[in-house]
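Residue numbers (the working numbering): 1 to 288.
Glycine included, C-beta positions come from ideal geometry on N, C-alpha and C.
First comes the structure, then the notes that go with it.
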Ligand code: NAP
């Protein structure tokens, strides 16, 4: 079975669009997402465009603020501070990576945790690991949705996460653990990697190496989620971190690239923006 993130995303966006129709009457406005893009990285430009398109489909107001690569860290912090204080803004996303002269951690920490639609703010990360209410990062959130949609039972399963980044590997490992999987996290220093991945009933791969995971590294009937987004140098086409063609024959469930985790990430960003909007409205209503 191939889990189409594209189809699930379309369904989720249609549901959100329907729900948002009542927002102007109920709340006086729709949620507002502000995306900040610094510099001219082509991949970042295309991601930001995708976020604007999804916002339009769902009915979320989207403002994209573009600045030259020379924009300074102080200027960015000051822009974020203005957006934090702007009541008409519900979500703030700074497109990563940032130019080298800007400290990413400092910038992420400067975003109000209540408007941190990416779920990268240290307080949101801490809340996730303490099992408290938090904004769940979009990619891991999307992966859990895909597993649920495919009817994959997570509890009790041996899950292996390949990659330990702050934005994918670590949070998806935590979400799988919260769903009672037995989780192993692998990385570039893991010894006998193929042996570990072959023991996985659920394998999530997020390393950024084209078709790194080959069929011999996957057991028959495994569920394989491919997070990687790579450019195949010979064809120029997008490909994932797993050798899809050879693994699809033995996996019980597999996600494609493109059309898998990527669209789900953007769709979960839309969900997070709505969640931020609603929780800010609730807080406001509790104050007055
Ligand atoms: P990252 O920060 O570069 O981390 C890569 C991880 O992979 C690291 O933990 C690294 O181990 C591990 N790794 C690298 N080479 C390895 C190897 N040969 N064997 C075992 N582990 C290895 O990457 P990321 O941000 O998580 O992104 C991973 C991929 O997912 C990229 O292709 C990215 O474009 C994609 N991505 C897609 C989406 C989406 O929405 N579809 C979202 C985010 C990311 P060490 O820690 O030991 O260095």
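Buried or exposed: which applies to residue 191, given that a residue is buried once 16 or more other Cβ atoms fall within 10 Å of its Cβ?
-> Residue burial is scored here from C-beta neighbours: residue 191 has fewer than 16 other C-beta atoms within 10 angstroms and is therefore classed as exposed.
Answer yes if the segment 103–122 comes into contact with the segment 267–274, meaning at least three C-beta pairs across the two stretches below 8 Å, and no otherwise.
-> Touching, yes.
Whose beta carbon lies closer than 5 Å to any heavy atom of the ligand NAP, going through the chain in order?
-> That gives 139, 163, 164, 165, 168, 187, 188, 206, 207, 208, 227, 228, 229, 261, 262, 265.
What are the residues that DSSP puts in a beta bridge with residue 211?
-> Answer by DSSP bridge pairing: none, since residue 211 is not bridged.
Based on Cα-Cα distance, which residue from 95, 239, 61 lies nearest to residue 21?
-> Comparing Cα positions, the closest option is 61.
6 Å CB neighbourhood of residue 104 in its chain, flanking five on each side removed = If you ignore the 5 residues before and after residue 104, its C-beta comes within less than 6 Å of the C-beta of 98, all in its own chain and listed in chain order.
Look at residue 187 and residue 162 and say whether their C-beta atoms are less than 9 Å apart.
-> One thing to note: residue 187 has its Cβ within 9 Å of the Cβ of residue 162.
State the Cα-Cα distance for the pair residue 83 and residue 68, rounded to the nearest angstrom.
-> CA-CA distance, residue 83 to residue 68, rounds to 19 Å.
Give the straight-line distance between the Cα atoms of residue 235 and residue 243, rounded to the nearest whole angstrom.
-> Answer to the nearest angstrom: the Cα atoms are 15 Å apart.
Any alpha helix (DSSP H) of 4 or more consecutive residues that is wholly inside the segment 3–82 = Listed in chain order, the complete alpha helix (DSSP H) runs (minimum 4 residues) inside the segment 3–82 are 5–20, 23–27, 42–58.
Please work out which residues of its chain come closer than 6 Å, Cβ to Cβ, to residue 285, disregarding the five sequence neighbours upstream and downstream, and give them in chain order.
-> Within the same chain, residue 285 has no close Cβ partners at all.
Look up residue 91 in the DSSP assignment and give the residues it is bridged to.
-> In the DSSP assignment, the residues bridged to residue 91 are 33.
What's the C-alpha gap between residue 201 and residue 59?
-> Distance from the CA of residue 201 to the CA of residue 59, rounded to the nearest whole angstrom, comes to 38 Å.
Report the rounded CA-to-CA distance for residue 175 versus residue 136, giving the unit in angstroms.
-> Residue 175 and residue 136 have their C-alpha atoms roughly 9 Å apart.
Straight-line CA distance for residue 147 to residue 40?
-> Rounded to whole angstroms, residue 147 to residue 40 spans 35 Å at the Cα level.
How far does the alpha helix (DSSP H) with residue 198 in it reach, from first residue to last?
-> For residue 198, the enclosing alpha helix (DSSP H) covers residues 193–198.
Of the residues 217, 168, 126, which one's Cα is nearest the Cα of residue 228?
-> Residue 228 has its Cα closest to that of 168, out of 217, 168, 126.
Use the C-beta contact count for residue 199: other C-beta atoms within 10 angstroms, 16 or more gives buried, fewer gives exposed.
-> When all chains shown are included, residue 199 counts as exposed.
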